[in-house]
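Each number in this note's numbering corresponds to the 1-based position in the sequence shown with 1 added.
One structure is given below, encoded as C-alpha cells.
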Amino acid sequence: MQAMTSIGMRSAVSGARVMRLAGCALTVGALLLGGGAVQAQSDYPTRAVRVVVPTTPGVVPDALTRLITQRLAEIWSVPVVVENRPGASGVVAASFVAKSEPDGYTILFGDSTLWGINPHVYGKLSYDPLKDFAPVIGAAHLPMYLTVNASSPLRTVQDLIDYAKKHPGKIAYATPGAGSSGNMAGELFRSMAGVELLHVPYKGSEGVKALIGNDVQLAIYGQVAIVPQVKAGNLRILAGTMAERSSTLPDVPTVAESGLPGYDISSTFGAMVPASTPREVIAKINAGIVKALADPEISAKFKNFGTPPIPDATPERFGATMRSEYAKFGKLARDTGMKLQ
C-alpha cells in the first residue's frame with residue numbers, strides 16, 4: 002500500500018512538471034508569436050498595398066489618390082495598387098474596406114460623402130463610419146463652385162436667387178450624383194435662399210457637359226472639372242461654396258459674401274483603414290502620405306486641382322474632422338429632408 006502511494010506521488014510530481022513545462026512552452030510560443038506580430042507592424046509594408054477609391058477613374062478623388070499612391074510606391078518600395086469600386090455614393094467601396102483585414106494592406110481614400118453624408122441619407126447603411134474605420138489623414142479640402150453657362154444672363158449669386166424666386170422650379174442644377182457633396186451644397190443653397198431648385202444627378206463630370214449644352218442652368222462641381230471650361234470660354238463661375246475664398250481662385254467670391262451670409266460647405270479628401278488596424282501601422286501610413294504630399298511636384302498638382310494639402314495632417318485631427326462633418330451634414334440632411342433609397 003505504501004509502495005503504491007510512492008508511485009502515485011512520483012506520477013503526480015511528474016505530471017505537474019509536464020504541465021509546468023507545457024505552460025512555459027505555450028508562454029514562449031505566445032511571446033514569439035507576439036514578437037512576430039510586432040515585428041510585422043514595425044516592418045510595414047512588406048508586400049503590395051491595395052488602395053480602394055469609391056469613384057470611377059478620372060474624377061478628382063481618383064486623380065488625387067493616384068498622385069499620392071505613385072509616390073507612396075517609391076517611398077515604401079512596394080506596389081501600391083489603386084482599385085476603383087464605384088457605386089451607391091461610395092457605399093460599395095466603404096463596405097468592402099470596412100470588412101477587410103485590419104492590417105494596413107487595404108486603405109480607403111474618399112471624401113466627406115463616406116463619413117458625413119451617407120449615414121444620414123441612406124435608410125440602412127452597411128457600415129458605421131465612426132465605428133468601423135480608423136482615421137489616417139485628412140489630406141485636402143475640396144471646395145466647390147456654383148457655375149453657369151457663359152451665355153447665361155445670371156452673373157451673380159443674387160441674380161440666381163432673384164431668377165429662382167421669380168421662376169420656381171425652372172433652375173435645374175447638375176452634380177456628380179445623388180447624395181454627393183455637390184448635392185448637399187445645392188440643398189443648402191436652396192434652403193438658405195428660400196428657392197425651389199431641381200437636382201439632376203450625373204455620373205462624374207457628365208454634369209459639366211450638360212451645363213455646356215444648356216441641358217441644365219447650374220452646376221456645382223470642383224475646380225478641376227470646371228476651370229478648363231471657364232478658360233475655354235464655355236462656363237462662368239458665380240461663387241465658391243467655402244466660407245473663405247480659395248487661394249487658387251482668389252478672384253472668385255464666396256456664396257456667403259455674395260448674398261447668403263453664413264453659407265459654408267465643402268468636402269474633405271482623406272484616407273481611412275478598418276477600425277482595428279494597429280496604431281503603429283496607421284502612423285506609418287500617415288507618415289508616408291504626409292511625405293508624399295510634401296513632395297513639391299505633388300503639392301503643386303494638388304494646388305492645380307484647387308485642393309492645397311492640409312498642414313499638420315494627423316490621424317487625430319482627421320478624426321475630429323470626420324466627427325464634425327458627420328454632425329454638420331447630418332443636421333443639413335434632417336433640415337432638408339434629404340433621403341436616398
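Ideal placement from N, C-alpha and C gives every residue a C-beta, glycine not left out.
- Within the model, the alpha-carbon separation for Gly183 versus Lys167 is close to 24 Å.
- According to the DSSP assignment, Pro136 belongs to the beta strand (DSSP E) that extends over Phe134 to Leu143.
- Thr176 has Pro202 as its beta-bridge partners, per DSSP.
- Membership of Pro316 in the alpha helix (DSSP H) is indicated by the continuous run Pro316 to Thr337.
- Taking the C-beta atoms as reference points, Thr242 is found no nearer than 8 Å to Phe270.
- The beta carbon of Leu250 is closer than 6 Å to none in its chain, skipping five residues each way along the sequence.
- Collapsing the DSSP output to three states places Gly187 in a helix.
- Cβ-Cβ distances below 7 Å link Ser96 to Ser127 and Tyr128 in the same chain, with the five nearest sequence neighbours on each side left out; the list follows chain order.
- Counted as a single uninterrupted DSSP element, the alpha helix (DSSP H) harbouring Glu298 occupies residues Pro297 to Asn305.
- A distance below 8 Å separates the beta carbons of Leu73 and Val81.
- Residue environment analysis places Ala295 among the exposed positions, since fewer than 16 neighbouring C-beta atoms fall within 10 angstroms of its C-beta.
- Bounds of the alpha helix (DSSP H) holding Tyr164 are Val158 to Lys167.
- Assigned with DSSP and collapsed to three states, Met193 falls in helix.
- Here DSSP, grouped into helix, strand and coil, assigns Leu261 to coil.
- Residue environment: Glu326 is assigned as buried (16 or more neighbouring CB atoms within 10 Å of its CB, all protein chains considered).
- Judged by their CB atoms, Val53 and Thr107 are nearer to each other than the 8 Å cut-off.
- In this structure Glu84 is in contact with Arg51, their Cβ atoms being roughly 6 Å apart against a cut-off of 8 Å.
- For Pro229, the uninterrupted alpha helix (DSSP H) segment begins and ends at Gln224 to Lys232.
- Taking C-alpha positions only, Pro58 is separated from Thr66 by approximately 10 Å.
- Between the alpha carbons of Pro262 and Asp104 lies a distance of about 45 Å.
- The beta-bridge partner set that DSSP reports for Val93 is empty.
- From the listed residues Asp63, Glu188, Gln218 and Pro130, the smallest Cα separation to Arg335 is found for Glu188.
- From the listed residues Ser267, Ala276 and Ala288, the smallest Cα separation to Tyr146 is found for Ser267.
- The alpha carbon of Phe190 has as its nearest neighbour, out of Thr157, Ile299 and Asp265, the alpha carbon of Asp265.
- In summary, Gly91 is buried, with 16 or more beta-carbon neighbours lying within 10 Å of its beta-carbon over all protein chains present.
- From the listed residues Thr56, Ala194 and Pro144, the smallest Cα separation to Glu245 is found for Pro144.
- Look at Ser268 here: in three-state DSSP terms it is strand.
- Counting along the chain, Thr107 sits inside the beta strand (DSSP E) bounded by residues Thr107 to Gly111.
- DSSP places Arg86 in no alpha helix (DSSP H); its state is neither H nor E.
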